[in-house]
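One line per chain: the protein sequences are A and B, in this order.
Going from the first sequence to the working numbering is simple: count from 1 and add 559.
Going from the second sequence to the working numbering is simple: count from 1 and add 101.
All residues carry an ideal CB built from backbone N, CA and C; glycine is no exception.
Report on one structure; see the data block that follows.
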Amino acid sequence: AQKVTQAQTEISVVEKEDVTLDCVYETRDTTYYLFWYKQPPSGELVFLIRRNSFDEQNEISGRYSWNFQKSTSSFNFTITASQVVDSAVYFCALSGPYNTDKLIFGTGTRLQVFP
Amino acid sequence: SAVISQKPSRDICQRGTSLTIQCQVDSQVTMMFWYRQQPGQSLTLIATANQGSEATYESGFVIDKFPISRPNLTFSTLTVSNMSPEDSSIYLCSVLGEETQYFGPGTRLLVL
Chain A
560 AQKVTQAQTE ISVVEKEDVT LDCVYETRDT TYYLFWYKQP PSGELVFLIR RNSFDEQNEI
620 SGRYSWNFQK STSSFNFTIT ASQVVDSAVY FCALSGPYNT DKLIFGTGTR LQVFP
Chain B
102 SAVISQKPSR DICQRGTSLT IQCQVDSQVT MMFWYRQQPG QSLTLIATAN QGSEATYESG
162 FVIDKFPISR PNLTFSTLTV SNMSPEDSSI YLCSVLGEET QYFGPGTRLL VL
């Protein structure tokens with residue numbers, strides 16, 4: 560069975576702090592995809608990244624970076640120098656090997672960044 | 102990514118009534134999905150809607166409660182039937198793009 564665990568329910572930081580959101584997954588598929596989405600207070604889900612299970616290279620996009628470690632089944636997300644606009648709920652998700660496979664979402668981590 | 106809109110954006114309904122939520126995409130897409138997000142919870146897939154065929158429902162969701170239409174490649178509706186307060190949620194549609202699913206802005210439903 561597929562499962563995504565985001566153990567951190569809520570995190571509060573002060574602006575400019577770095578913060579890491581944890582994501583641990585379970586799957587029996589040898590090929591799979593991992594995702595991160597952001598849900599700001601407006602409610603819309605914003606796609607941030609997709610990672611293939613065969614690509615363990617870390618990804619950096621501006622202040623965002625992702626660390627994929629197959630050995631620990633983790634796909635963690637770090638925001639460097641956080642800003643108030645980063646306040647949102649962040650969801651980690653998992654799918655099977657096909658683009659048409661459904662997304663399995665974690666329970667989300669609410670990040671609050673205070674000025 | 103596709104531009105997705107949903108109507109209504111929010112609504113307050115009385116128990117026992119039904120609400121139809123519309124999802125419009127600015128380009129033709131093969132697969133559309135409907136999700137439910139209960140207060141403070143994660144997203145749960147209700148069903149997958151392909152044009153020209155009946156929707157495929159996930160375990161725990163039935164067509165009588167959540168009938169779905171998919172008349173063409175840019176449009177779908179989800180009806181929440183015979184509503185109860187437990188149906189109070191955000192309902193989101195999504196479409197399958199090249200990389201992933203892209204989501205609409207959601208419909209916030211409160212059932213009194």
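Using the Cα positions of residue i and residue j, report the straight-line distance between them to the nearest angstrom.
i, j, result
"V578(A)", "T564(A)", "18 Å"
"V573(A)", "W135(B)", "36 Å"
"E615(A)", "E155(B)", "38 Å"
"R116(B)", "F167(B)", "15 Å"
"T121(B)", "P186(B)", "16 Å"
"Y657(A)", "Y591(A)", "8 Å"
"G207(B)", "R111(B)", "8 Å"
"L197(B)", "N635(A)", "24 Å"
"G205(B)", "C124(B)", "8 Å"
"C114(B)", "S170(B)", "21 Å"
"T668(A)", "Q598(A)", "10 Å"
"K629(A)", "V126(B)", "36 Å"
With 7 Å set as the bound, which would you pick, yes or no: does the beta-carbon of residue i sit closer than that to a beta-carbon of chain B?
i, result
"F606(A)", "yes"
"T668(A)", "no"
"E694(A)", "Summary: the structure shown does not reach residue 694(A), with chain A confined to residues 560 through 674, and so no result is reported for it."
"F594(A)", "yes"
"K597(A)", "no"
"F621(A)", "A small fix is needed here, since residue 621(A) is Gly in this sequence, not Phe. No, G621(A) lies away from the interface with chain B (no Cβ there is under 7 Å from its Cβ)."
"G655(A)", "no"
"E569(A)", "no"
"E618(A)", "no"
"R610(A)", "no"
"K562(A)", "no"
"F636(A)", "no"
Report all residues from its chain with a CB closer than 8 Å to the CB of residue i; omit the five preceding and five following residues, and keep chain order.
i, result
"L662(A)", "F594, A652, L653 and S654"
"Y158(B)", "I147, A148, I164 and F167"
"Q671(A)", "E569, I570, S571, V572 and S646"
Taking 6 Å as the limit between beta carbons, can you name the residues of its chain near residue i, skipping five residues before and five after?
i, result
"D660(A)", "S654"
"T145(B)", "R137"
"N626(A)", "N617 and N635"
Examine chain A for any beta-carbon lying closer than 7 Å to the beta-carbon of residue i, and answer yes or no.
i, result
"E200(B)", "yes"
"S143(B)", "yes"
"L179(B)", "no"
"I147(B)", "no"
Going by CA-CA distance only, name the one from the options that's closest to residue i.
i, options, result
"T568(A)", "D581(A), K562(A) and Q561(A)", "D581(A)"
"L604(A)", "S195(B), E200(B) and L213(B)", "S195(B)"
"S190(B)", "S119(B), G141(B) and K108(B)", "G141(B)"
"E585(A)", "P600(A), V643(A), T668(A) and K562(A)", "K562(A)"
"S612(A)", "Y596(A), F606(A) and T631(A)", "T631(A)"
"R209(B)", "V644(A), L607(A), G602(A) and T589(A)", "G602(A)"
"F606(A)", "G665(A), Y649(A) and V644(A)", "Y649(A)"
"R610(A)", "Q152(B), T178(B) and E200(B)", "E200(B)"
Near residue i, which residues of its chain fall below 7 Å by C-beta distance, leaving aside the five closest residues on each side in sequence?
i, result
"E576(A)", "S641"
Original post:
Using 8 Å as the Cβ pair cut-off and three pairs as the minimum, do the segment 122-131 of chain B and the segment 170-187 of chain B touch?
Top reply: The segment 122-131 of chain B is in contact with the segment 170-187 of chain B.
Original post:
Is the segment 103-122 of chain B close to the segment 620-634 of chain A, with three or more CB pairs under 8 Å?
Top reply: No: the two stretches stay apart, fewer than three of their Cβ pairs being nearer than 8 Å.
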